Amino acid sequence: EAGVAQSPRYKIIEKRQSVAFWCNPISGHATLYWYQQILGQGPKLLIQFQNNGVVDDSQLPKDRFSAERLKGVDSTLKIQPAKLEDSAVYLCASSPGATWNTGELFFGEGSRLTVL
Amino acid sequence: GNSVTQMEGPVTLSEEAFLTINCTYTATGYPSLFWYVQYPGEGLQLLLKATKADDKGSNKGFEATYRKETTSFHLEKGSVQVSDSAVYFCALIIQGAQKLVFGQGTRLTINP
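Written out as structure tokens, the structure is:
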């Protein structure tokens, strides 16, 4: 079974530029998550989708971050304009359904962003 | 709010040593508790879990017991191997909620 696919693996941009990350979850997984992991910290949830609807985006900086999950399958996370503090690894994860009864998320390898 | 605190890293041990990584939590409801592991070059993966007080989760020789009285979920292994070198994350989720909350992670290095 294929895992969660993310691209690009690495991206270096100047501040105020824009960047987009792509995620393809495990086939059949209804729930998709984007986490931000800053160096030395644990992952922080940015946004959660159930199929193509948003369940939780309370910690997404909506003035510069946006995400979509068209057709309830793959997803794109965009940052525009980027700031220095956005340097982090962006993790995509998926799960078959509701998280709370299993707690098991399947993570991709992440996309490392460096903002100069 | 809900949060997880792990012991500061990095932790360096010799092969076959005993391992403990401390984890304590604060939760407004009744959490389920988890340990995730991130091996070099790989994505995070679930190591073990416990869903109620006094439950013990175990996998790959690792164990953790859900202690409600001390709000803890310490990870232990009796004899570590070089292949256990990784970053370990403690996490919780509140029953009925959908957000997994992570600790800051503890980097473990095992020397041969």
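Chains as they are written, first to last, in my numbering: chain A, 11 to 126; chain P, 10 to 121.
Ideal Cβ placement from N, Cα and C applies to all residues, glycine included.
Just so you know, these numbers come straight off a predicted model, no measurement behind them.
Taking 8 Å as the cut-off, the Cβ atoms of Arg122(A) and Tyr20(A) count as close.
Put simply, the region 32-39 of chain P does not touch the region 90-110 of chain A. Fewer than three CB pairs are less than 8 Å apart. DSSP, read as helix, strand or coil, puts Asp64(P) in coil. Leu101(A) has its alpha-carbon roughly 11 Å from the corresponding atom of Ile57(A).
Taking every protein chain shown into account, the CB of Thr79(P) has fewer than 16 other CB atoms within 10 angstroms, so this residue is exposed.
No Cβ-Cβ contact shorter than 8 Å links Phe71(P) with Leu53(P). Gly50(P) and Glu119(A) have their C-alpha atoms roughly 7 Å apart.
Counting along the chain, no beta strand (DSSP E) covers Pro18(A), and no H or E run does either. For Pro53(A), the residues of chain P that pass the 7 Å Cβ criterion are Phe111, in the order they occur in the chain. DSSP places Asn120(P) inside the beta strand (DSSP E), whose first and last residues are 115-120. With respect to the 8 Å criterion, Leu28(P) and Tyr75(P) are not classified as neighbours on the basis of their beta carbons.
Per DSSP, reduced to three states, the secondary structure at Gly82(A) is helical. The distance from the Cβ of Val46(P) to that of Cys99(P) is about 11 Å, inconsistent with a contact at the 8 Å cut-off. Contact of Leu115(A) with chain P by beta-carbon distance below 7 Å involves Leu109.
Between the alpha carbons of Trp32(A) and Gln16(A) lies a distance of about 6 Å. Chain order gives the chain P residues near Gly118(A) as Gly52, where near means a beta carbon separation below 8 Å.
Thr118(P) is classed as exposed because its beta carbon has fewer than 16 other beta carbons within 10 Å across all chains shown. Scanning its chain for C-beta atoms nearer than 6 Å, with the 5 sequence neighbours on each side dropped, one finds around Ala59(P) the residues Leu42, Gly66, Tyr75, in chain order.
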